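Numbering (the working numbering), first residue to last: 18 to 113.
Structure record follows, encoded as structure tokens.
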């Protein structure tokens, strides 16, 4: 898996509203109605994430879930991270 170059990464961000680059990682913060919804998002996503075998760096504080994506083997953001970002957005949209 290859790291995306800056141009490819900027193009990808145009199709991923809410996502930014922070500390060389794809970054997003999701906000939900409450803790149960935030935790439900993480639990639902965990099953799909495990199937992908590509795990996020994420944390939860009350109604917020902060996500950072990078492909360590590639040394930065790769296509795998874009796929995971789209999956997370899809799950979050269903819970909103």
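Yeah, the Cβ is synthetic: ideal placement off N, Cα and C, and Gly gets one too.
Just so it is clear, the structure is predicted and the values come from calculations on it, not from any experiment.
Look at residue 43 here: in three-state DSSP terms it is strand. Here residue 33 carries a coil assignment [DSSP, helix/strand/coil]. With respect to residue 64, residue 72 sits apart: the two C-beta atoms are not nearer than 7 Å.
Within the DSSP secondary-structure output, residue 88 pairs in a beta bridge with 93. Sorting 90, 69, 59 by C-alpha distance to the C-alpha of residue 81 places 59 at the top. Here residue 76 is exposed, its C-beta having fewer than 16 other C-beta atoms within 10 Å. Per DSSP, residue 77 is one residue of the beta strand (DSSP E) stretching across 74–78.
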